[in-house]
Amino acid sequence: MLWYYQRMAIGVDIEDINRFVGKSEDFLNRIFTPLELEYCMKYSKPESHLAARFCAKEAVVKALTALNILNVSYNEIEVFHNENQCPQIRILKNLEKNVVFQVSLSHDRSKAIAFVTAEVQ
8 MLWYYQRMAI GVDIEDINRF VGKSEDFLNR IFTPLELEYC MKYSKPESHL AARFCAKEAV
68 VKALTALNIL NVSYNEIEVF HNENQCPQIR ILKNLEKNVV FQVSLSHDRS KAIAFVTAEV
128 Q
């Protein structure tokens, strides 16, 4: 019998940046990690960066769901920058599978978007 399982998946999300203006501290702490909040809040318009990170988290959840990896919450997904200032994804809980992510973030005046690939190693 041949057993097939998906090894790679993608996720994408786009959001209105205005959705992230004036959000409560409780909301922000429920969705974002302390490292993400520290990064975003140093900008004069943190909502652009918050929206892009939210998109990345939603895209990660979509990709993980396609890989049948469920029950990862937004605050267990962290967007950070590597030594070259490129955005990266890390999962802050142990997964049953080793998953490697690639992420691209972008935003303009009104929209933010993220594209994620997830590959089981």
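Take any residue in the sequence shown, note its place counting from 1, add 7, and you have its number in the working numbering. Cβ coordinates follow ideal geometry from the N, Cα and C atoms, glycine included.
(1) Spatial neighbours of D33 within its chain, please: CB distance less than 6 Å, with the 5 preceding and 5 following residues excluded, ordered by chain position.
(2) Expressed to the nearest angstrom, what Euclidean distance is found between the alpha-carbon atoms of V127 and A58?
(3) Where do the ends of the alpha helix (DSSP H) carrying D33 lie?
(4) Considering Cα atoms alone, identify which of T124, S55, C47 is closest to D115.
(5) Taking the alpha carbon of E103 as the reference point, which residue from I76, V68, N82, T124 has its own alpha carbon closest?
(6) In whole angstroms, what separates the C-alpha of K100 from that of G18?
(7) Helix, strand or coil for E85, going by three-state DSSP, please let me know.
(8) Can you list, in chain order, the residues of its chain with a C-beta nearer than 7 Å to that of A16? Leave out the 5 residues immediately preceding and following it.
(9) Which class does K49 belong to by DSSP, given the choice of helix, strand or coil?
(10) Could you check which residue in N25, F27, A63, R14 has the C-alpha nearest to that of F87?
Quick answer:
(1) none
(2) Taking the straight line from one Cα to the other gives about 27 Å.
(3) Residues 32-38.
(4) S55
(5) Per the Cα distances, I76.
(6) 20 Å
(7) strand
(8) A70, A73, L74, A125
(9) coil
(10) A63
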